[in-house]
Every structure is written in structure tokens, then in C-alpha cells.
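Novice: Residue numbers (the working numbering): 5 to 132.
#1: On a Cα-Cα basis, can you pick out the residue from 19, 24, 18, 20 that is closest to residue 132?
#2: What are the boundary residues of the alpha helix (DSSP H) that residue 53 is part of?
#3: Is the segment 41–52 close to the segment 63–71, with three or more CB pairs under 8 Å?
#4: Ends of the beta strand (DSSP E) at residue 79?
#5: So, helix, strand or coil for residue 20, using DSSP?
#6: When you compare each of 34, 60, 30 to residue 42 by their alpha carbons, which one comes out closest?
#7: Run through the DSSP bridge pairs and tell me what residue 59 is partnered with.
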């Protein structure tokens, strides 16, 4: 059953992709969840003092990553710190956007703070 859920990561539907993303992180031993709130991470992975805060940005890949998405991922550590109980005070955050988009809006580059990009196809291949 878990293998089937992980294979869901190949689906184009964003909700199925996000559920599979959470399942994958749990399979790897992380405490993980996903937020349905606008501005919350799609999912986050936590182990010890490490947190990967992801923004799964499903697009056709032709449009650049928007200013809105950059702002969201920048604010994920604040959201997680306030919403996830029993979080270490020494936690280190890694912000990542997972998307088929291959560029970023020019104005978004200026506000990006240590955001990592992971091409969605490469992420799916890694997951499998």
C-alpha cells in the first residue's frame, strides 16, 4: 500500500502529489505533515534540529516561479515555528521549491532568501 502511495508522486494532481510527498518523508524516517492553509508549507520534514520546508509548485513548467511562491517559501520557517508543537529551538531550516518551472520572476529573485530549487522531475526520479 505504501508503495502505491509513493507512486502517486508521479501524478499531476497537486493534492495526490503532496500526499505522496508526505508519505515519502515518513518512509524516510522524518516527522512530516502538510498544511492546507494558504501560506503554509507543502509538506515539511523534521528530524532532530533539521527541517525541510517545501513548496510544491505544480505548473506546466512554462511559467516562471512567481513572487507569491517565493514569499510563501520565505515565510515557511515562521509558519512552522508557530504551528508545529515541540519544535527544537535550535532548528535549522532548508527552504525548497519543487517545481517543473525552470525560471524565477525577476522581481522574485530579489526577495529570495536561501531558497533551494529542486526540479520536479528530478525529485520524482529521486523518490522512486
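Glycine included, every Cβ here is placed at the ideal spot set by N, Cα and C.
This structure is a prediction, so every number in the text was calculated from the model and none was measured.
Specialist: In short, the structure shows the following:
#1: 24
#2: No alpha helix (DSSP H) holds residue 53; DSSP gives it neither H nor E.
#3: no
#4: Counting along the chain, residue 79 falls outside any beta strand (DSSP E), though it belongs to the alpha helix (DSSP H) covering 71–87.
#5: helix
#6: 60
#7: 101
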